[in-house]
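Asker: Just so we're on the same page, the working numbering is the position in the sequence shown counted from 1, plus 1. I have a structure I would like to understand better, so I am pasting it below and will then ask my questions one at a time.
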Amino acid sequence: MSGFPGKGAMRVAPSLLAADFSKLAEEVAGVERAGAEVLHLDVMDGRFVPNISFGPGVVADLRPHSRMYFDTHLMIEEPGRYAEAFAQAGADLITFHIEATNAPEEVVAEIRRLGKSVGVSLNPATEVSAIEPILEKVDLVLVMSVRPGFGGQSFMPEVLPKVRWLRGKLGDHQRLEIDGGIDVETIDHVVRAGADTIVAGSAVFGTEDHAAAYAMLSTRARQVAEEVMP
Ligand code: DX5
Ligand code: ZN
Numbered sequence: 002m003s004g005f006p007g008k009g010a011m012r013v014a015p016s017l018l019a020a021d022f023s024k025l026a027e028e029v030a031g032v033e034r035a036g037a038e039v040l041h042l043d044v045m046d047g048r049f050v051p052n053i054s055f056g057p058g059v060v061a062d063l064r065p066h067s068r069m070y071f072d073t074h075l076m077i078e079e080p081g082r083y084a085e086a087f088a089q090a091g092a093d094l095i096t097f098h099i100e101a102t103n104a105p106e107e108v109v110a111e112i113r114r115l116g117k118s119v120g121v122s123l124n125p126a127t128e129v130s131a132i133e134p135i136l137e138k139v140d141l142v143l144v145m146s147v148r149p150g151f152g153g154q155s156f157m158p159e160v161l162p163k164v165r166w167l168r169g170k171l172g173d174h175q176r177l178e179i180d181g182g183i184d185v186e187t188i189d190h191v192v193r194a195g196a197d198t199i200v201a202g203s204a205v206f207g208t209e210d211h212a213a214a215y216a217m218l219s220t221r222a223r224q225v226a227e228e229v230m231p
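This is how it looks when you write it as structure tokens:
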């Protein structure tokens, strides 16, 4: 896969964190059949966040099972050190946290060297000024709408001004992603604020019918986007 699917159009990215880890390939195939083109992969190291999820081995094992765009969200310290392992595992986009490094430009350069798209993420408490110096250098900005580390938390509406500000700054070739607490209700607010890439973990994999849940979120996101930009 080369570029992000959809060229600026709304995309809902199911987050595998909420899936049943005993049958990952099946879970991935289910959302892909439902029409998902982007899979959000949450990598946690137990240091940057107080939880451990999975590493590059799981990404590599899933790669041959899916044609989806692998949106890899690194919630880890020393992201530059591990970028190559995720690139080799088959990540298409590698997103690192601005709070996890003192040398963001070097991390961006390393991910570019590996031939992958680059995203930068910021925690709810982090101001957008922290990423401003590298804004033009990234393909995607990921705004966290919960404190990273766990799925199933409540959406934090106080991050919406950051989404609005970023929408005004980012170019057409850049994506604006939001992650945490998105469901059929909160999705309206994030789309209205300007997000075009919506992560949904428990609202997809935590439901009885993943395909129906994905379809509902995706349809709703497109409807709201059309209302905002007719
Ligand atoms: C949180 C992760 C999220 C998480 C979202 O640290 O980055 O991607 O899976 O889960 P929900 O949608 O359940 O809030
Ligand atoms: Zn995430």
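Positions of the beta carbon are idealized from the N, C-alpha and C atoms, including for glycine.
Would the region 143-161 count as touching the region 45-52 if we require 3 or more Cβ pairs under 8 Å?
Answerer: yes
Asker: Would you identify the three-state DSSP class for Phe-156, choosing helix, strand or coil?
Answerer: The residue you call residue 156 lines up with position 155 of the sequence shown. Coil at Phe-156, not helix or strand.
Asker: Please classify Thr-1: is it buried, with 16 or more other beta-carbons within 10 angstroms of its beta-carbon, or exposed?
Answerer: Missing from the structure shown is residue 1; the chain here goes from 2 to 231 and no further.
Asker: Where does the unbroken alpha helix (DSSP H) through His-218 begin, and where does it stop?
Answerer: Here residue 218 corresponds to residue number 217 of the sequence shown, with the count starting at 1. Before going further, note that residue 218 is Leu rather than His in the sequence given. Boundaries of the alpha helix (DSSP H) harbouring Leu-218: 211-229, taken from the DSSP string.
Asker: Taking 7 Å as the line, does the beta carbon of His-74 fall inside it for any heavy atom of the ligand DX5?
Answerer: Counted from its first residue, the sequence shown places residue 74 at position 73. It does: the Cβ of His-74 is within 7 Å (strictly closer) of some heavy atom of the ligand DX5.
Asker: Using beta carbons (cut-off 8 Å, strictly below), is Thr-198 in contact with chain B?
Answerer: Going by chain labels, chain B is absent from the structure shown, which holds only one protein chain.
Asker: Is there at least one non-hydrogen atom of the ligand DX5 closer than 7 Å to the beta-carbon of His-41?
Answerer: On the sequence shown, position 40 is the one that residue 41 refers to. Closer than 7 Å to some heavy atom of the ligand DX5: that describes the Cβ of His-41.
Asker: Rounding to the nearest angstrom, what Cα-Cα distance links Phe-5 and Glu-137 in this structure?
Answerer: Along the sequence shown, read from residue 1 onward, the residue named residue 5 stands at position 4. Along the sequence shown, read from residue 1 onward, the residue named residue 137 stands at position 136. Distance between the alpha carbons of Phe-5 and Glu-137: 17 Å.
Asker: Is Ser-219 near the ligand DX5, going by C-beta to nearest heavy atom under 7 Å?
Answerer: The residue you call residue 219 lines up with position 218 of the sequence shown. Because no heavy atom of the ligand DX5 lies under 7 Å away, the Cβ of Ser-219 does not count as near it: no.
Asker: Quick test of your reading: Asn-124 and Met-157, contact by CB under 8 Å. State the CB separation rounded to the nearest angstrom.
Answerer: Here residue 124 refers to the residue found at position 123 when the sequence shown is read from its first residue. Here residue 157 refers to the residue found at position 156 when the sequence shown is read from its first residue. Not a contact, Cβ separation roughly 10 Å.
Asker: What I want to know is whether the C-beta of Ser-125 ends up closer than 7 Å to one or more non-hydrogen atoms of the ligand DX5.
Answerer: Translated into positions along the sequence shown, residue 125 becomes position 124. A small fix is needed here, since residue 125 is Pro in this sequence, not Ser. Between the ligand DX5 and Pro-125, a heavy atom-to-CB distance of less than 7 Å is absent.
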